[in-house]
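For reference, the structure discussed in these notes is given below.
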Amino acid sequence: MFTVMRNLLVTLAIGATLTMTACSSPKLPGDPQNPYRPERQPVVGDILHLPTGIFVDEEQMLATATDARLVYVGETHDNPASHRLQLTVLRAMAARYPDRLALGMEMFTPAQQEVLDRWVAGELSEKEFLKQSRWYATWNMDFAYYRDLLLFARDHRLPVVGLNADKDLVRAVGQKPFEQLDEAQSQRLPQIDMTDPYHRAMVEAIYGGHSQGNSMLEGFLRVQNLWDETMAESIARFLNSRNDDSWRMMIVAGGNHVRYGYGIPRRVFRRLPTSYTLIGSRELDIPESKKDRLMDVEIPDFPMPPYDFMAFTAYEDLPHQEVKLGAMLDDSQGMVLIKGVIPGSAAAEAGLEEGDIIRQFNGLPIEEAFDLIYEVKQQEEGDLATLFIERGTQTLSLEVRFKALPPNHHLPE
23 MFTVMRNLLV TLAIGATLTM TACSSPKLPG DPQNPYRPER QPVVGDILHL PTGIFVDEEQ
83 MLATATDARL VYVGETHDNP ASHRLQLTVL RAMAARYPDR LALGMEMFTP AQQEVLDRWV
143 AGELSEKEFL KQSRWYATWN MDFAYYRDLL LFARDHRLPV VGLNADKDLV RAVGQKPFEQ
203 LDEAQSQRLP QIDMTDPYHR AMVEAIYGGH SQGNSMLEGF LRVQNLWDET MAESIARFLN
263 SRNDDSWRMM IVAGGNHVRY GYGIPRRVFR RLPTSYTLIG SRELDIPESK KDRLMDVEIP
323 DFPMPPYDFM AFTAYEDLPH QEVKLGAMLD DSQGMVLIKG VIPGSAAAEA GLEEGDIIRQ
383 FNGLPIEEAF DLIYEVKQQE EGDLATLFIE RGTQTLSLEV RFKALPPNHH LPE
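Using this note's numbering, the final residue of the sequence shown is 435, and nothing's skipped along the way.
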């Protein structure tokens with residue numbers, strides 16, 4: 023009797039299981055990128071934990087995010103609010119993991135590592151650092167966006183790790199398939215996985231609207247993969263070189279390299295499975311003058327949130343607007359020669375002409391283009407500077423009054 027009852031119960035259980043399996047499960051409404059709709063619309067200053075839809079304050083975000091070994095903070099390159107967020111996270115990690123924290127930066131390459139190490143050691147002034155790292159040639163963004171971050175790293179002796187690929191290799195990869203690179207170039211390549219469907223979907227979306235054809239798209243895709251794989255390899259190599267696994271790293275990179283996790287984070291995890299957190303920002307308050315900086319891209323419907331934490335910001339300007347001289351420079355002959363003057367620029371209004379040789383700026387010797395570029399970048403709107411120039415057999419003194427660039431208008435130095 024017991025056996026019969028047991029068999030009957032088993033049969034009923036199997037039947038129930040089959041019945042439940044046969045029923046179609048209800049289709050739940052929701053957005054995979056925002057699985058829980060927040061209780062209200064976010065405003066500037068809010069921080070949202072995207073996987074749960076719960077608003078948190080800065081302290082709560084930092085306490086949770088810094089549990090991870092790797093913290094990726096995606097940035098909008100020209101928004102000071104993005105860089106303040108990075109500094110906030112770096113401060114929290116440095117307090118929690120003293121002597122066990124590094125800062126990884128997209129803005130530098132391993133070829134610049136010696137200069138980065140000398141900066142952290144306090145051996146270089148800001149001008150020497152910018153000159154020896156060739157900042158304006160390799161990144162070409164106003165250093166003011168990154169100054170506080172790099173000063174904090176130097177003052178707290180945090181290793182700064184150059185992550186990105188060298189420009190010459192990027193150019194080669196953009197021009198021809200990997201198998202057509204020469205041996206020396208091939209040996210410099212990281213291990214590259216070109217099969218990620220989400221990465222390709224985003225690249226195709228960003229590339230949408232361009233008419234150069236499929237070969238150009240493939241070159242663009244190769245470059246994007248080279249950047250992400252090189253940065254991933256640099257991160258894993260640094261952490262694997264430490265004496266123990268207690269070291270942490272905060273990584274700063276453009277949002278497209280971080281959001282959704284398929285860029286740098288997944289490629290690091292392939293090399294070094296470890297915990298990580300994604301932090302990003304989204305501009306809610308965008309001035310009219312900045313709206314044309316936004317990419318007109320239809321983002322694919324990815325099946326995951328873009329970040330763990332999203333900070334909502336305004337799209338800001340630097341406190342001081344950038345000024346430029348408005349002249350094209352050539353220092354290939356051991357002197358700084360004016361090769362052209364932009365009409366309406368500060369250089370034109372000062373009377374600079376093509377063929378002039380600049381010898382001094384406010385009494386400081388000008389021996390190469392960097393010297394002039396650096397001094398110009400220290401000026402503010404309305405500042406007056408004195409240039410000593412040679413024009414043929416004449417030595418002239420010219421006064422230059424600097425003015426801010428119009429929004430989105432970029433001039434050469």
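Beta carbons: idealized from backbone N, C-alpha and C, even for Gly.
Since this is a predicted model, take the numbers as computed values, not measurements.
Simplified DSSP assignment, three categories, for residue i
i: E305; result: strand
i: Y158; result: helix
i: I286; result: helix
i: E371; result: helix
i: A187; result: coil
i: F331; result: strand
i: G414; result: coil
i: E2; result: The question about residue 2 has no answer, for the chain in this structure spans 23 to 435.
i: H279; result: helix
i: Q63; result: coil
i: G366; result: coil
i: L84; result: helix
i: S208; result: helix
i: F165; result: helix
i: P325; result: coil
i: V319; result: coil
i: D266; result: coil
i: D121; result: coil
i: P132; result: helix
i: E148; result: helix
i: G196; result: helix
C-alpha distance - residue i paired with residue j, whole-angstrom precision
i: D68; j: P60; result: 11 Å
i: T335; j: Q63; result: 13 Å
i: R288; j: Y282; result: 9 Å
i: D204; j: L138; result: 30 Å
i: F242; j: R91; result: 31 Å
i: T415; j: P341; result: 42 Å
i: E402; j: K346; result: 9 Å
i: G52; j: L180; result: 42 Å
i: H71; j: V93; result: 15 Å
i: N430; j: K312; result: Reliability of the predicted coordinates at N430 is poor, the pLDDT of 43 falling under 50, and no value is obtained from them.
i: G362; j: D393; result: 18 Å
i: Q246; j: E376; result: 39 Å
i: V192; j: Q400; result: 31 Å
i: R122; j: D164; result: 29 Å
i: E201; j: A369; result: 48 Å
Reference residue i; option with closest CA among the options
i: S303; options: V225, F331 and D190; result: F331
i: H221; options: A103, A258 and F324; result: F324
i: Q82; options: V111, R270 and N101; result: V111
i: L261; options: E371, P295 and D339; result: P295
i: M253; options: E376, A117 and P132; result: P132
i: L359; options: D339, Q343 and I380; result: I380
i: P177; options: W269, T86, S147 and L239; result: Strictly speaking, residue 177 in this sequence is Asp, with Pro absent from that position. When each option's Cα is compared against that of D177, the closest is S147.
i: L406; options: V398, D250 and E412; result: V398
i: Q134; options: S104, R293, W157 and V192; result: W157
i: I388; options: E376, A372, D353 and S367; result: D353
i: Y337; options: L300, V192, E97 and E240; result: E97
i: E226; options: D215, Q213, E240 and I214; result: E240
i: V183; options: M127, A223, K149 and Y229; result: M127
i: L172; options: P73, P48 and R106; result: R106
i: N384; options: Y329, T217, F77 and R423; result: R423
i: A488; options: E251, Y396, L84 and D190; result: Here the chain covers residues 23 to 435 and nothing more, so residue 488 does not appear.
i: G366; options: M326, I411, A426 and I308; result: A426
i: A187; options: Q197, A166, L248 and L409; result: L248
Per DSSP, cross-strand counterpart(s) of residue i
i: D53; result: N56
i: T299; result: V93
i: P387; result: Q382
i: G126; result: V183 and I273
i: V345; result: A426
i: T408; result: E421
i: A336; result: D307
N- and C-terminal bounds of the alpha helix (DSSP H) containing residue i
i: F392; result: A391 to K399
i: D352; result: It is not in any alpha helix (DSSP H) - D352 instead sits in the beta strand (DSSP E) that spans A349 to D352.
i: I228; result: P219 to Y229
i: I257; result: N236 to N262
i: H71; result: Run containing H71: none in the alpha helix (DSSP H); it sits in the beta strand (DSSP E), I69 to H71.
i: A117; result: P102 to R118
i: V498; result: There is simply no residue 498 to check, as the chain begins at 23 and stops at 435 in what is shown.
Residue interval of the beta strand (DSSP E) (run including residue i)
i: K465; result: This structure does not reach residue 465, given that the chain is present from 23 up to 435, and the question cannot be answered.
i: D8; result: Any answer about residue 8 is impossible in this case: the structure gives the chain only from 23 up to 435.
i: F77; result: I76 to V78
i: T275; result: Sequence inspection shows Ala at residue 275; the Thr mentioned does not correspond to that position. From DSSP, the beta strand (DSSP E) with A275 extends over R270 to G276.
Closer than 7 Å: residue i CB and nearest the ligand GTP heavy atom
i: Q82; result: In terms of ligand content, the structure shown is empty, and the ligand GTP therefore cannot be addressed.
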